[in-house]
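J.: Using the UniProt record's numbering, you'd call the opening residue of the sequence shown number 1 and step up by one each time.
C-beta atoms are modelled at their ideal positions from N, C-alpha and C, and glycine is treated no differently.
Just so we're clear, the structure is a prediction, and the values are computed from it rather than from any experiment.
Take a look at the following structure, please.
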Amino acid sequence: MGGAGGVVRAAVVGTGLIGGSVLLRLHAAGLDVAGWDPDEATRRQARRAGVPAPERLVDAVADRDVVFLCGPLPTLPRTLVEVATATTEDCLLTDVGSTKAELAAFAAAQGLTHRFVPGHPMAGTDRAGLTAAVPGLFDDAAWVLCPAPGPGLAAFRRLTVLVMEVFAARVVPMAADRHDAVVALASHVPHLLAGALAGAAERSPLRDAVLGLAAGSFRDGTRVAGTPPERTANMLLANRAEVLAALTSVTSFLDELAAALRDDDRAVLTARHGEGRDARAALAGRATVELRRAFPLAGGGDAELRFLLELGAAGGYLDGCRTTGDQVEYVARRLAVEPGGPPDPPLG
């Protein structure tokens, strides 16, 4: 991937928090990058940061090697078609939306699977806009990319290298529908819970006293309630079925806690909180082991795709991707087997 002189030519469409952070990181990395946003004030701000921001979207994406689509979720299908029409067949397209299955299916229906790779960097803040953008936002973050069979694998490999080298992120290969099920519990339901807790405090007759005493547990638990409401609503509605399914499991667990509290059952109350503590402790990181796999570039790529999807589903990620000669070589990391646990099945 690369234009004249080997420099990658990139464009970012939609320069809010995530898109703006993508834009600034590409610029800081020395890539030839242009940004575009429907808001004129945001385009002016990008120019003040030293990044070209043409007035027209088609001018921003013309002659680019890769385009990141970073607008609001409801706009992505229309923007994908517009950008695909304005770019050449060898231009790689990706997005950063928080749901994947619907857009992946739309891209397939448009015949764009060979050059569109659905993506989702798992990073963000409760702020919005280009003024909140941070070039280092994605350092060591999980960045989901959804590989597709056939020609889509070549696009996946190209984008994987770019994401790892430029953004210092951990690429997690994952099927689009699996992604949506996972982020429902990992990201989307937490927005509901944060909104519920903060909303209950807002409605409480003791609101001012509650907020006056709010400490770390309340602040941590309600952090994402500061996200712009429209952005949260777009995310939840786009993944409605998976979010409702995940919410059912959360409310079931909460019902167990409430029942134990009503019954004065110390043992159950302690045990359930112990389960939660275990999950929280796992966030600190489990040991990982390195995997190396090589696959031929010729053929359908079934074994390669299977390896990638099983890796992401098992909580693993890619550490390297290199195409040499007639094969692609991956360096990956997956969770180590816990003491006393069953051995992990081989990947790929």
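#1: How do the segment 137-148 and the segment 170-179 stand: do at least 3 beta-carbon pairs fall below 8 angstroms, yes or no?
#2: Less than 7 angstroms between C-beta atoms, sequence neighbours within five positions excluded: which residues of the same chain meet that for residue 74?
#3: Using the three-state DSSP reduction, which class does residue 327 fall into: helix, strand or coil?
#4: Tell me whether residue 61 sits in a helix, a strand or coil according to DSSP, three-state version.
#5: Applying the criterion that 16 or more other CB atoms from any shown protein chain within 10 Å of the CB defines a buried residue, is residue 45 buried or exposed?
#6: Nearest-angstrom Cα distance between residue 247 and residue 36?
#7: I'd like to check one pair, residue 19 with residue 91: are the Cβ atoms closer than 7 angstroms?
#8: Can you tell which of 256, 264, 265 and 331 has the C-alpha that lies nearest to the C-alpha of residue 290?
#9: Could you tell me which residues DSSP pairs with residue 32 in its beta bridges?
#10: Could you say which of 58, 273, 64 and 198 lies nearest to residue 220 if we only look at CA atoms?
#11: Just how far apart, CA to CA, sit residue 325 and residue 21?
#12: Note the first and the last residue of the continuous beta strand (DSSP E) segment covering residue 68.
#13: Jot down the residue ranges of each uninterrupted alpha helix (DSSP H) in the segment 247-325, minimum 4 residues, whole runs only, in chain order.
#14: In terms of residues, what are the limits of the alpha helix (DSSP H) holding residue 163?
#15: Keeping to the same chain, check which residues put their C-beta closer than 8 angstroms to that of residue 236; ignore five residues upstream and five downstream.
#16: What is the DSSP secondary structure of residue 120, counted as helix, strand or coil?
#17: Using DSSP bridges, identify the partner residues of residue 77.
#18: What residue range does the beta strand (DSSP E) around residue 173 cover?
#19: One question on the structure: do residue 68 and residue 99 come within less than 7 angstroms of each other, judged by their Cβ atoms?
#20: Could you give the DSSP three-state label for residue 334: helix, strand or coil?
#21: Cα separation between residue 261 and residue 232?
T.: Judging by the given coordinates:
#1: yes
#2: 234
#3: strand
#4: helix
#5: buried
#6: 36 angstroms
#7: no
#8: 331
#9: 9
#10: 198
#11: 35 angstroms
#12: 66-69
#13: 266-282 and 302-313
#14: 151-167
#15: 188, 191, 192 and 243
#16: strand
#17: In the DSSP output, where bridge partners are listed per residue, residue 77 has none listed.
#18: 170-173
#19: no
#20: strand
#21: 32 angstroms
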